[in-house]
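What follows is a set of notes on a single structure, which appears directly below.
Chains as they are written, first to last, in this note's numbering: chain A, 193 to 486; chain B, 2 to 228.
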């Protein structure tokens, strides 16, 4: 199963309530994925910092804060439950090295100029509450509720997966060629933190985007290279894109109004959205890339 | 009678419709605020008119017998699946597997139906005013599938004795599905479906009929060595 949701705001009108809209969608999709949940919120940093989303995994926050402040220049650091959002002007190539070298138990969930990612095991309604998703504002957001199939119920096994700057991926389905593809991508320099199939798809997308392929072309090539069942939502700094495999067993429905584009595994996850009954509602066709903002 | 799904639990609404209080002689119902819930109006067995105002989730009107159900919105996966009789009318679009395995009755979809429309249908008549997605009519056994728009890939794959009528283009035919001649009887039957679905601007003569080449499912003595 698994549930996936996403909102892209076309107008500024709802930016303040993005978190509110997304949290109701995630809670509703708890019926498709009760094991864990996660979300990525895109909000440009006003001071153009890089934002690092970190999961403490039990590490002591105050100790970490004290130590990291000695190693890199940090503009702002803030704890949200067991996650930390750290803002810095230092380049990711430096910061990631420092984090990996000195703070082994802390995992980097994502980083970029806009993205913030939070994910954890537990029922979606509890995860939403834990991170206070309702209070978030932003331009677009993506979420996932997980019913684990391919790997264990852990934070690392939860979506969204981020393997590149401001990129993330959520997935409903399963891939069958992920082990081979992971080996290939590892040789090409992509790092993986889990045994999860979706992380491989995220790595595949990052690898192709870093080779200057467009998101559209990357996803189209994915139809050939990714074997399995999937509905993907992939987020970028500017927007998101949706792709279903050509068999299209995994559901998706899109609602588009003048103010927003929303996508969910089932319509009921969007039933609370403003003016949704007058939205243009359609199912994305199999094997066709749909994108907004990119 | 109005049934508001914001105020009454779905289970209670279905229970009421599945077990009509005959003393009240109430046979007309409006369901409001469906909000994409699943299995609304599943398992109705008596004559009644139900209108659902809004979009519904999975398996709406599943297993229907005798009831006339109108969905004033879109329907999720498996609308009218395993319907036995009666009539289900979707005024918007339907998701995949509309009318799956249905034995009888009439399913009308005003918009498009996505993939696998009429999969394994066993006698239902389905009229889609828009187009249908890939693998429609897959392993369909009997009944009629009428499509006023186009059909996606692999139409009628491995079908048995269903008649498929398509007005627009067919992207590709599935295994053992072939175009067949339209005779007077087919035109007469198709006209009946068009009339029932209130379609006035299309002529039965302009449709093409597809059915089974009967090479896949018939036992042939030549193949005895394969068993």
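Positions of the beta carbon are idealized from the N, C-alpha and C atoms, including for glycine.
| Check | Outcome |
| --- | --- |
| Complete alpha helix (DSSP H) runs within the segment 222-272 of chain A (minimum length 4 residues, chain order) | 253-261 |
| Start-end ranges of the beta strand (DSSP E) lying completely within the segment 406-452 of chain A, minimum 3 residues | 420-427, 432-436, 445-448 |
| Chain B residues whose Cβ lies nearer than 9 Å to that of residue 469 of chain A | 55, 56, 74 |
| Cβ shell of residue 559 of chain A (< 7 Å), same chain only, five flanking positions each side left out | Lying outside 193 to 486, the shown extent of chain A, residue 559 of chain A is not represented and no answer is given. |
| Opening and closing residue of the alpha helix (DSSP H) in which residue 197 of chain B lies | 185-197 |
| Ordered list of beta strand (DSSP E) runs contained in the segment 334-386 of chain A, each at least 3 residues | 360-367 |
| Limits of the unbroken alpha helix (DSSP H) element including residue 217 of chain A | 210-220 |
| Length of the line joining the Cα atoms of residue 487 of chain A and residue 366 of chain A | Because chain A is modelled from 193 through 486, residue 487 of chain A falls outside the range shown and cannot be assessed. |
| Residue from A:228, A:266, A:406, A:400 with nearest C-alpha to residue 335 of chain A | A:228 |
| Proximity test, Cβ basis, 8 Å: residue 475 of chain A and chain B | yes |
| Complete beta strand (DSSP E) runs within the segment 23-80 of chain B (minimum length 3 residues, chain order) | 29-33, 50-54, 69-73 |
| Proximal residues of chain B, C-beta to C-beta of residue 460 of chain A below 8 Å | 36, 37, 38, 39, 58 |
| Nonlocal neighbours in the same chain, by C-beta distance under 6 Å from residue 148 of chain B, ignoring five residues either side | 129, 133, 167 |
| Test item: CB-CB of residue 153 of chain B and residue 179 of chain B under 8 Å | no |
| Beta-carbon neighbours of residue 213 of chain B, restricted to chain A and to distances below 9 Å | Simply none; closest approach about 23 Å. |
| Range covered by the alpha helix (DSSP H) that runs through residue 397 of chain A | 389-402 |
| Cα-Cα separation between residue 253 of chain A and residue 271 of chain A, rounded to whole angstroms | 8 Å |
| Residues from the segment 426-441 of chain A in contact with chain B, defined by Cβ distance under 9 Å | 438, 439, 440, 441 |
| CB contact below 8 Å: residue 137 of chain B versus chain A | no |
| Span separating the alpha-carbon of residue 292 of chain A from that of residue 370 of chain A | 25 Å |
| Bridge partners - residue 196 of chain A, DSSP secondary structure assignment | A:336 |
| Positions along the segment 204-230 of chain A whose CB lies within less than 8 Å of some CB in chain B | none |
| Span separating the alpha-carbon of residue 306 of chain A from that of residue 269 of chain A | 15 Å |
| Residue 333 of chain A versus A:202, A:472, A:470, A:275, residue with shortest Cα-Cα distance | A:202 |
| Short CB-CB distance (under 8 Å) between residue 52 of chain B and chain A | no |
| Short Cβ contact (8 Å threshold) for residue 330 of chain A with residue 207 of chain A | yes |
| Neighbourhood of residue 200 of chain B by C-beta, 8 Å cutoff - its chain only, sequence neighbours within 5 removed | 128, 130, 149 |
| Distance, residue 193 of chain A Cα to residue 223 of chain A Cα | 9 Å |
| Other residues of its chain near residue 353 of chain A: CB distance less than 7 Å, five sequence neighbours each side excluded | 360, 361, 390, 391, 394 |
| Inter-residue CB distance, residue 44 of chain B and residue 19 of chain B (contact presumed, cutoff 8 Å) | 5 Å |
| Residue 115 of chain B and residue 140 of chain B closer than 8 Å at C-beta | no |
| Meets three-Cβ-pair contact criterion under 8 Å: the segment 458-471 of chain A and the segment 402-416 of chain A | no |
| Paired residues, beta bridge with residue 11 of chain B - DSSP | The partner list for residue 11 of chain B (beta bridge, DSSP) is empty, contrary to what the question assumes. |
| Residue from A:448, A:297, A:282 whose Cα sits closest to the Cα of residue 274 of chain A | A:297 |
| Inter-residue CB distance, residue 174 of chain B and residue 156 of chain B (contact presumed, cutoff 8 Å) | 5 Å |
| CB contact flag (residue 71 of chain B, residue 96 of chain B, <8 Å) | no |
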